[in-house]
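**Q** One structure is given below, represented as structure tokens, and several questions about it will come after.
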Amino acid sequence: YQRTAGSAPTAKINATAFVARPEPATTKPAPPPPPPPPSTDNANAVEVSGVVRVGNDILVIVKAPNEPTSRYIRVGQRIAGGQVLVKRVDFKSGADPVVVLEENGVEVAKAVGEKAPNVAQKPV
């Protein structure tokens, strides 16, 4: 304390001014890109050559990738080493039936007689 004649004691304060500095802008990192869609290469490589209805049964004539010959299968069966499910056959009046295949949770529609695209097929 400092005291001068006839005055009240005063406190001597060493004051340091603090200036708020702006914080550097924090940017959130960009979210990672979405994963690629599941592969449907095997389902796309299936060739459907016919659909036959016998009584209540529907038989589909298919040639799976990496198989030497075509064969008859029923809806609900799996082909291409178990990777492709024959899910259903859609019949529309006046049009050829469409066979719906499923691979990795993705549906692939194949019309009767539709050829497989010319792409490199993965081994099963």
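So the mapping is simple: our numbering equals the position in the sequence shown, first residue as 1, plus 441. Beta carbons: idealized from backbone N, C-alpha and C, even for Gly. Remember, it's a predicted structure, so these values are computed and weren't measured experimentally.
Compute the Euclidean distance between the alpha carbons of Thr-481 and Glu-544, then round it to the nearest angstrom.
**A** Reading the sequence shown from its first residue, position 40 is the one you call residue 481. Reading the sequence shown from its first residue, position 103 is the one you call residue 544. About 6 Å.
**Q** So is Pro-558 buried or exposed if we call it buried at 16+ other beta carbons inside 10 Å?
**A** Translated into the one-based positions of the sequence shown, residue 558 becomes position 117. By the Cβ-count criterion, Pro-558 is exposed, with fewer than 16 other Cβ atoms from all chains shown falling within 10 Å of its own Cβ.
**Q** Evaluate the contact criterion for the segment 496-504 versus the segment 471-481: three or more CB pairs, one atom per stretch, below 8 Å.
**A** no
**Q** Which stretch, first to last residue, makes up the beta strand (DSSP E) that contains Ala-552?
**A** Within the sequence shown, numbered from 1, the residue matching residue 552 stands at position 111. That run of the beta strand (DSSP E) goes 547-552.
**Q** For a minimum of 4 consecutive residues, which ranges assigned as the alpha helix (DSSP H) are wholly contained in the segment 482-533?
**A** 482-486
**Q** Figure out for me which residue from Val-489, Pro-509 and Thr-510 has the closest Cα to the Cα of Val-541.
**A** Along the sequence shown, one-based indexing puts residue 541 at 100. With distances taken between Cα atoms, Val-541 lies closest to Val-489.
**Q** Relative to the alpha-carbon of Ala-552, which residue among Ile-520, Lys-469 and Val-501 has its alpha-carbon at the smallest distance?
**A** Residue numbering aside, residue 552 sits at position 111 when the sequence shown is read from its first letter. Here the closest residue by C-alpha is Val-501.
**Q** What did DSSP end up calling Glu-543 once you bin it into helix, strand or coil?
**A** Counted from its first residue, the sequence shown places residue 543 at position 102. It is a strand residue.
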